[in-house]
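Undergrad:
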Amino acid sequence: MKTKRLDFILIFSCFTIIARTQCSFEYISNDTVFQDHIEFIHPKKNTNEIITIGSRINRGLINDTVFNAPVFQIFDYCANILTKTVYNVIEKFKLNHKRLPFHQSYLEEPIGNTAIAIDETQFLIVDKAIDTISNQQVLILFRIDDTGQIRSFKTLNLNSQEANQNAIKNVLKLKDGRFLVILTDNIVQYDFYYFDAYSEFLYKKSFNLGRGIRSIVEIDNNEFICSSNTTEKASFQFYRIDTSGQIKWIVTPYTVTGSAREILIEDAKIYIVGGSGVQGVFMICDFEGNILKEFIYDSIYCKQRFCSAYIASDGYYYIGGYIQHCDKNDKRGQDICILKMDPNGKLVWNKTYDFRNELGTSGNQSYYTDFGGFMIRKTNDGGIITNGMSKYFAITPGIELHEDALLIKTEAGLVKNNQITKGPHHFELTANIIQNNLNIIGPTNDIKKWVLYNLQGASLVQGSNWSTDLEIGNLHLGVYVLNIMDQNNCNYYFKFIKMK
0 MKTKRLDFIL
10 IFSCFTIIAR
20 TQCSFEYISN
30 DTVFQDHIEF
40 IHPKKNTNEI
50 ITIGSRINRG
60 LINDTVFNAP
70 VFQIFDYCAN
80 ILTKTVYNVI
90 EKFKLNHKRL
100 PFHQSYLEEP
110 IGNTAIAIDE
120 TQFLIVDKAI
130 DTISNQQVLI
140 LFRIDDTGQI
150 RSFKTLNLNS
160 QEANQNAIKN
170 VLKLKDGRFL
180 VILTDNIVQY
190 DFYYFDAYSE
200 FLYKKSFNLG
210 RGIRSIVEID
220 NNEFICSSNT
230 TEKASFQFYR
240 IDTSGQIKWI
250 VTPYTVTGSA
260 REILIEDAKI
270 YIVGGSGVQG
280 VFMICDFEGN
290 ILKEFIYDSI
300 YCKQRFCSAY
310 IASDGYYYIG
320 GYIQHCDKND
330 KRGQDICILK
340 MDPNGKLVWN
350 KTYDFRNELG
360 TSGNQSYYTD
370 FGGFMIRKTN
380 DGGIITNGMS
390 KYFAITPGIE
400 LHEDALLIKT
410 EAGLVKNNQI
420 TKGPHHFELT
430 ANIIQNNLNI
440 IGPTNDIKKW
450 VLYNLQGASL
460 VQGSNWSTDL
470 EIGNLHLGVY
480 VLNIMDQNNC
490 NYYFKFIKMK
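Under numbering that gives the first Met the number 0, the residues of the sequence shown are numbered 0 to 499, in order.
#1: With burial defined as no fewer than 16 other Cβ atoms inside 10 Å of the residue's Cβ, what is the status of LYS415: buried or exposed?
#2: Kindly give me the distance between the Cβ atoms of GLY372 and SER307, rounded to whole angstroms, as I take these residues to be in contact under 8 Å.
#3: Run through DSSP, which three-state label would GLU161 get?
#4: Quick one: give me the first and last residue of the beta strand (DSSP E) that LEU459 is part of.
#5: Check ASN221 in the structure and name its three-state DSSP category.
#6: Would you kindly check if the distance between the Cβ of LYS350 and the Cβ of GLN323 is under 9 Å?
#7: Between ASP403, ASP145 and VAL125, which lies nearest to TYR193 when the distance is taken from Cα to Cα?
#8: So, with DSSP's three-state summary, where would you put PHE71?
#9: Rounded to the nearest angstrom, what separates TYR105 and ASN165 at their Cα positions?
#10: For ASN490, report the span of its beta strand (DSSP E) as first-last.
#11: Specify, as a first and last residue, the run of the beta strand (DSSP E) that LEU346 falls within.
#12: Would ILE215 pass as a contact of GLY147 if the rule is Cβ separation under 9 Å?
#13: Considering just the uninterrupted stretch of the beta strand (DSSP E) at VAL450, what are its terminal residues?
#14: Exposed or buried, which one is ASP175 when buried takes at least 16 other CB atoms within 10 Å?
#15: With DSSP as the reference, identify every bridge partner of SER482, one or two as the case may be.
#16: With DSSP collapsed to three states, give me the class of THR84.
#17: Three or more C-beta pairs under 8 Å: does that hold for the stretch 256-268 against the stretch 279-292?
#18: Could you please give the first and the last residue of the uninterrupted beta strand (DSSP E) stretch that includes ASP175?
#19: Taking the alpha-carbon of TYR296 as reference, which of THR131, LYS339, ASP130 and THR84 has the nearest alpha-carbon?
#20: In three-state terms, what does DSSP make of THR120?
#21: Please confirm whether ASN220 and THR242 have their CB atoms less than 9 Å apart.
#22: Can you grab the Cα-Cα spacing for the pair THR368 / ILE186, in whole Å?
#23: How about LEU428 and ILE446: do their beta carbons lie closer than 9 Å?
#24: If you drop the 5 nearest sequence neighbours on each side, which residues of the same chain put their C-beta closer than 7 Å to that of CYS37?
#25: Run through DSSP, which three-state label would LYS251 get?
#26: Taking the Cβ atom as the reference point for each residue, do LEU182 and ASP190 lie within a distance shorter than 9 Å?
#27: Would you identify the three-state DSSP class for THR443, choosing helix, strand or coil?
#28: Tell whether a beta-carbon distance below 9 Å holds between ASN473 and THR443.
Shown next as structure tokens:
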């Protein structure tokens, strides 16, 4: 026994326990003077902090329009704002910020972006501005670091049509290091502006695609996969365009009201998130538009809108969106939701967030509702963050008052594990934070024995084979080690932290 315990201590000492916050939060800006938006979220590298980029728009109640500009913020993991920077003037250029375009059928959903991450510590923001000396309207591209400091900027003169009629739709970093800025007339005309890696203007291309662009990503050969942003009811479409703007193929998998909201490219596959009718949709396709997997989520709610997805390294999918309750008398209105799916499309857990009842200022009057899940990311402690908006309406239907920015962070993941001993198999330890249990991913039929230890090396529970999830709801808070042995007597050790 002494030898076994000493071996255990030696193996476990290879790891350092990571200090982790236990904060989760549901943040609402709750400002009655300004329209607040968060359009971009990013976990700050190697910290317990969250970077957001958005805007603060004057509602017109006062004459001062200085806040019609991008806003950079840093939150800690408990929703405290550590830094706020408003970019209203850059040298002689006054920023003339406009809100993001919105979908014609889903007016509550932004369908563009003006900020991207260049790398882990640098970000690019694109906006329109006015030269206060010449009165020339320009497109301005400025880089900021992860503290919000401006590091460099470039400008491009715009003609009157570009400045007054076209909105900034998308900003992309291309695979070759160049940047693409897309302007649109909000119908079907799209102007592609190409810039080099230093934000110097290269050239412009104009396309009339006969349909809109909602989401766009680059694939090989400078071609793009786009989702449609048409006004037709059957708008769940995605298509591929070549360098001349010609559509190579188009796929319309559903003929009812819907929308393909986000497109991701990973491992030479296309991942598409959206909704069809009242159902949430997540599908995987190849580069020719063939559907490889299709997951349709039809829950107990009346409607679910999938808006974004994060593909974890273990093959699980985190999906952000919002749902609508069936009972019209339900005072919750719309709720933001976060779901986790396994690689086979099985729902692992879901959680909804009700700002109307919990955080709103006028919930008893029942005149506002929430939308969100527009971006979704994993934080450094294993939690999930997403953004949204709380949209206020007057008692008279259809009259909008204002919007507040929403930011959500889930609890940190229950499990922070590493496989300590390498053997012929690969096992991973996962946790279900709703059911409070652990599971093993891998060739579980080859597990001959498993033992759960506490930090002092005492055996708490053990078994032969692994046939079910391991309930940990009765464990005290703390650090534990799970040891599994395969049929070849190879040992695998996993450390995890029980946090609630």
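In this text, a Cβ means the ideal position worked out from N, Cα and C, and glycines have one as well. Keep in mind that this is a model prediction, so the values were computed, not measured.
TA: In brief:
#1: Within the sequence shown, numbered from 1, the residue matching residue 415 stands at position 416. In this prediction, LYS415 scores a pLDDT of 41, lower than 50, which makes its location untrustworthy; the coordinate-derived value is nonetheless stated afterwards. That one is buried.
#2: The count along the sequence shown starts at 1 and reaches residue 372 at position 373. The count along the sequence shown starts at 1 and reaches residue 307 at position 308. About 6 Å separates the CB atoms of GLY372 and SER307; that is less than 8 Å, so the two are in contact.
#3: Walking along the sequence shown from the start, residue 161 turns up at place 162. When secondary structure is reduced to three states using DSSP, GLU161 falls in the helix class.
#4: By 1-based counting over the sequence shown, the position of residue 459 is 460. Annotation for LEU459: the continuous beta strand (DSSP E) segment containing it runs 458-462.
#5: The count along the sequence shown starts at 1 and reaches residue 221 at position 222. Helix, per DSSP.
#6: Working through the sequence shown from its first residue, we reach residue 323 at position 324. Working through the sequence shown from its first residue, we reach residue 350 at position 351. No; because the gap between Cβ atoms is not below 9 Å, this pair is not in contact.
#7: Here the question's residue 193 lines up with position 194 in the sequence shown. Of ASP403, ASP145 and VAL125, the residue nearest in Cα terms is VAL125.
#8: What you label residue 71 is simply residue 72 of the sequence shown in a count that begins at 1. Three-state DSSP puts PHE71 in a strand.
#9: To locate residue 105, count along the sequence shown from 1; it is residue 106. To locate residue 165, count along the sequence shown from 1; it is residue 166. Rounded to the nearest angstrom, the two C-alpha atoms are 20 Å apart.
#10: One-based indexing of the sequence shown puts residue 490 at position 491. In this chain, the beta strand (DSSP E) harbouring ASN490 covers 490-497.
#11: Here residue 346 refers to the residue found at position 347 when the sequence shown is read from its first residue. Note, LEU346: beta strand (DSSP E), 346-352.
#12: Position 216 of the sequence shown, counted from the start, is the residue given in the question as residue 215. Position 148 of the sequence shown, counted from the start, is the residue given in the question as residue 147. Their beta carbons are not under 9 Å apart, which means ILE215 does not touch GLY147 by this criterion.
#13: Within the sequence shown, the letter at position 451 stands for residue 450. Element bounds for VAL450: 446-453.
#14: Stepping through the sequence shown from its first residue, residue 175 is reached at position 176. ASP175 comes out exposed.
#15: The residue you call residue 482 lines up with position 483 of the sequence shown. As written in the sequence, residue 482 is Asn, which differs from the Ser given in the question. ASN482 is bridged to VAL450 and TYR492.
#16: Translated into positions along the sequence shown, residue 84 becomes position 85. In the three-state reduction of the DSSP assignment, THR84 falls in the strand class, which pools E and B.
#17: The way I'd put it, the stretch 256-268 does touch the stretch 279-292; three or more beta-carbon pairs between them come closer than 8 Å.
#18: What you label residue 175 is simply residue 176 of the sequence shown in a count that begins at 1. Careful: ASP175 lies outside any beta strand (DSSP E) and carries neither H nor E.
#19: By one-based count along the sequence shown, residue 296 stands at place 297. The closest CA to that of TYR296, considering only THR131, LYS339, ASP130 and THR84, is found on LYS339.
#20: The count along the sequence shown starts at 1 and reaches residue 120 at position 121. Reduced to three states, the DSSP call for THR120 is coil.
#21: On the sequence shown, position 221 is the one that residue 220 refers to. On the sequence shown, position 243 is the one that residue 242 refers to. Their beta carbons are under 9 Å apart, which means ASN220 touches THR242 by this criterion.
#22: For the purposes of this step, residue 368 is taken as residue 369 along the sequence shown, with counting starting at 1. For the purposes of this step, residue 186 is taken as residue 187 along the sequence shown, with counting starting at 1. If I take the Cα positions, the gap works out to 28 Å.
#23: Looking up residue 428 in the sequence shown gives position 429. Looking up residue 446 in the sequence shown gives position 447. No, they are not a contact pair.
#24: Position 38 of the sequence shown, counted from the start, is the residue given in the question as residue 37. For the record, residue 37 in the displayed sequence is Ile; it is not Cys. The beta carbon of ILE37 sits closer than 7 Å to the beta carbons of THR51, GLY53, ASN386, ALA404 and LEU406 from its chain, once the five residues preceding and following it are set aside; these are given in chain order.
#25: In the sequence shown, the residue the question calls residue 251 occupies position 252. Here residue 251 is Thr; the residue named in the question, Lys, does not match the sequence. Collapsing the DSSP output to three states places THR251 in coil.
#26: As a first step, residue 182 must be located in the sequence shown, where it is residue number 183. As a first step, residue 190 must be located in the sequence shown, where it is residue number 191. With respect to the 9 Å criterion, LEU182 and ASP190 are classified as neighbours on the basis of their beta carbons.
#27: For the purposes of this step, residue 443 is taken as the residue at position 444 of the sequence shown. In this structure, THR443 counts as helix in the three-state DSSP scheme.
#28: For the purposes of this step, residue 473 is identified with residue 474 of the sequence shown, where counting begins at 1. For the purposes of this step, residue 443 is identified with residue 444 of the sequence shown, where counting begins at 1. Judged by their CB atoms, ASN473 and THR443 are not nearer to each other than the 9 Å cut-off.
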